[in-house]
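In our numbering, the protein residues as written are 28 to 357.
Structure follows, in structure tokens:
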């Protein structure tokens, strides 16, 4: 039995410039973090007592005898990529809901690949793990996804990701170096609230990628990249949280213009209510359309903030994950 534990992603600044359609011709940097909420993948060899040779358990159960018959796109692609043909049982448990803007599909892909490397008794670095996950999702499955989700799931921490110009592998990471006191202050201000609405990120992501290819978003993404540079500088200087919140607010106002469907009246109502209730700023996470909100709120205002924000269905405690994908049982 092998069990891996892989964090979800909290995008902070620069999201949207991590699509290869953008950074193959433009260089940019983003700031992204890993959350101490996890996707767990458990994997074991399946004994030869059954009619099937592959058993998969997630929101449904699949029992098949050929990798090509697997319905789950990531599991099928990962097994093909790693040349694992059968006699295997794979299960998944996630702490947070899928389709909610936290990079859950990439966390799963990273966690599954790590468990398959363990199965083959092969070492893999975080960099290699992220590269393989990017290849599986973009190259094999053909999904319209960026690169920050896989990178953060593999590396953990708070990272500055430098991208382009070049292909989907033209990236590097550098930890954002903060004092423990400032990182703890930042962490304590972050509030995660679930809207109760799940959505298929691929729909919004494809609209953004199509707009990038058509040149429609060029000015907006230049503004996004410029704002990310300002945020990197402000965080490195350990600027007051009110300033970081204003930068988040600026980023959200750019992001909502990137494609139709990123926001909606109900999303705008929740976000505007958060500012009136005392948030310094925030954003809707992921591709838009639903999922988790992230707000930056002073610690002393958070209990009253929750009472005022009664449209949020569930509040989730927040901590940074500093380790990335790990094998916790073998």
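We put the beta carbon where it would ideally sit given N, CA and C, even for glycine.
As the structure is a computational prediction, the values presented were derived from the model and not from experiment.
With a threshold of 8 Å on Cβ separation, who are the neighbours of residue i within its own chain once the five nearest residues in sequence on each side are excluded?
i: residue 329; result: 218
i: residue 252; result: 41, 44, 53, 55, 56
i: residue 143; result: 70, 105, 106, 109, 111
i: residue 129; result: 35, 36, 37, 62, 64, 123, 312, 313, 318, 319
i: residue 168; result: 100, 101, 104
i: residue 300; result: 335, 336, 338
i: residue 187; result: 56, 57, 58, 200, 201, 202, 203, 259
Measure the C-alpha to C-alpha separation of residue i and residue j and round it to an integer number of angstroms.
i: residue 296; j: residue 53; result: 34 Å
i: residue 348; j: residue 197; result: 25 Å
i: residue 199; j: residue 224; result: 33 Å
i: residue 338; j: residue 222; result: 7 Å
i: residue 316; j: residue 73; result: 40 Å
i: residue 101; j: residue 238; result: 26 Å
i: residue 138; j: residue 68; result: 6 Å
i: residue 88; j: residue 341; result: 28 Å
i: residue 220; j: residue 190; result: 30 Å
i: residue 336; j: residue 309; result: 14 Å
i: residue 285; j: residue 117; result: 37 Å
i: residue 324; j: residue 148; result: 45 Å
i: residue 322; j: residue 92; result: 46 Å
i: residue 115; j: residue 140; result: 14 Å
i: residue 166; j: residue 254; result: 30 Å
i: residue 205; j: residue 90; result: 47 Å
i: residue 265; j: residue 276; result: 18 Å
i: residue 327; j: residue 216; result: 10 Å
i: residue 146; j: residue 127; result: 30 Å
i: residue 267; j: residue 281; result: 22 Å
Relative to the alpha-carbon of residue i, which residue among the options has its alpha-carbon at the smallest distance?
i: residue 75; options: 113, 40, 251; result: 113
i: residue 160; options: 147, 146, 182; result: 182
i: residue 232; options: 283, 206, 270; result: 283
i: residue 346; options: 31, 36, 30, 29; result: 36
i: residue 250; options: 278, 241, 271, 172; result: 278
i: residue 272; options: 263, 220, 213; result: 213
i: residue 370; options: 305, 288, 293, 98; result: Given that the chain is displayed from residue 28 to residue 357, the structure contains no residue 370 and the question cannot be resolved.
i: residue 193; options: 50, 46, 335, 140; result: 50
i: residue 245; options: 289, 48, 270; result: 48
i: residue 303; options: 125, 236, 131, 331; result: 331
Looking at the ligand GDP, does it come within less than 7 Å of residue i, judged from the CB to the closest heavy atom?
i: residue 306; result: Only the bare structure without any ligand can be found here, which leaves the ligand GDP out of the picture.
Between residue i and the rest of its own chain, which residues show a CB-CB distance below 6 Å, the 5 nearest in sequence each way excluded?
i: residue 356; result: 30
i: residue 134; result: 33, 35, 66, 180
i: residue 153; result: 181, 182, 351
Can you round the beta-carbon distance between residue i and residue j to whole angstroms, since I take them to be within the 8 Å contact cut?
i: residue 59; j: residue 175; result: 5 Å
i: residue 287; j: residue 234; result: 6 Å
i: residue 274; j: residue 256; result: Actually they are not in contact, since the Cβ atoms of residue 274 and residue 256 sit about 11 Å apart, beyond 8 Å.
Which residues in the same chain as residue i place their Cβ atom closer than 7 Å to its Cβ, once the five residues preceding and following it in sequence are excluded?
i: residue 270; result: 261
Cβ contact check for the stretch 181-198 and the stretch 348-357: 3 or more pairs under 8 Å: Verdict: yes, contact present.
Inter-stretch contact (C-beta, 8 Å, three-pair minimum) for the stretch 204-214 and the stretch 77-88: Flag = no, the stretch 204-214 and the stretch 77-88 do not touch.
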